[in-house]
Each structure stands twice: as structure tokens, then as C-alpha cells.
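Report on the following structure.
In the numbering used here, the protein residues as written are 208 to 296.
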């Protein structure tokens, strides 16, 4: 996406949207290059998500990645969605 906002602010913006959708933040961290957070999705407790924002090569670009996984990797019921990626807006 095209913005000059720090990655922590971009992550915070999208995290607020996830919270409004009923997601619960588990953990997260940020520095000048990357911001991430992990999430528990509403429902039966088997769905998890991750939000990742990276500073891109240009000073006004950010890379956004959201991934959702459900089930347990070792019980044969694991599922992963395709990533949602935004680069230049």
C-alpha cells in the first residue's frame, strides 16, 4: 500500500478493524521495519490469524499480509487461506 505512515501505525489501523470484527489479539510487536500481531478469531477457538506489515523498498510503500489458519497442524484438519497482499495502492 502507498503510505508514509510508520509500520506500527499501519498495523494498528488494521488491528482496530480486526478487533471490531471480533478478533482477539494474542501477541504482537513492532520496530521501524516490521509490525506483526497474532489473533484468535471468534467462534469455536480453532481459527488463528496473523497480521504483518513491512516497510517496503520505497519510503512511501508498505507491504501488508494477513493469514488465517484453522484446526491443528498435527490432527489432519489444518487449513490455511491465501494471503491478502497489498503493495502500491
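Even for Gly, the Cβ is constructed at its ideal location relative to N, Cα and C.
This one's a predicted model, so the numbers in the text were calculated from it and none came from an experiment.
Let's see if you can read the secondary structure: which residues bound the alpha helix (DSSP H) around residue 222? Annotation: the continuous alpha helix (DSSP H) that includes residue 222 extends over 214–227.
Can you give me the Cβ contacts of residue 211 inside the same chain, cut-off strictly under 6 angstroms, excluding the 5 residues immediately before and after it? Closer than 6 angstroms at the Cβ level, and outside the excluded window around residue 211, lie 267.
Per-residue burial, residue 252 [other beta carbons within 10 Å of its own, 16 or more giving buried]: Exposed.
By how many angstroms is the C-alpha of residue 213 removed from the C-alpha of residue 237? As the crow flies, the alpha-carbon of residue 237 is around 10 angstroms from that of residue 213.
Considering only the alpha carbon of each residue, which of 274, 218 and 215 lies closest to residue 297? Outside the displayed range of the chain (208 to 296) lies residue 297, so it cannot be described from this structure.
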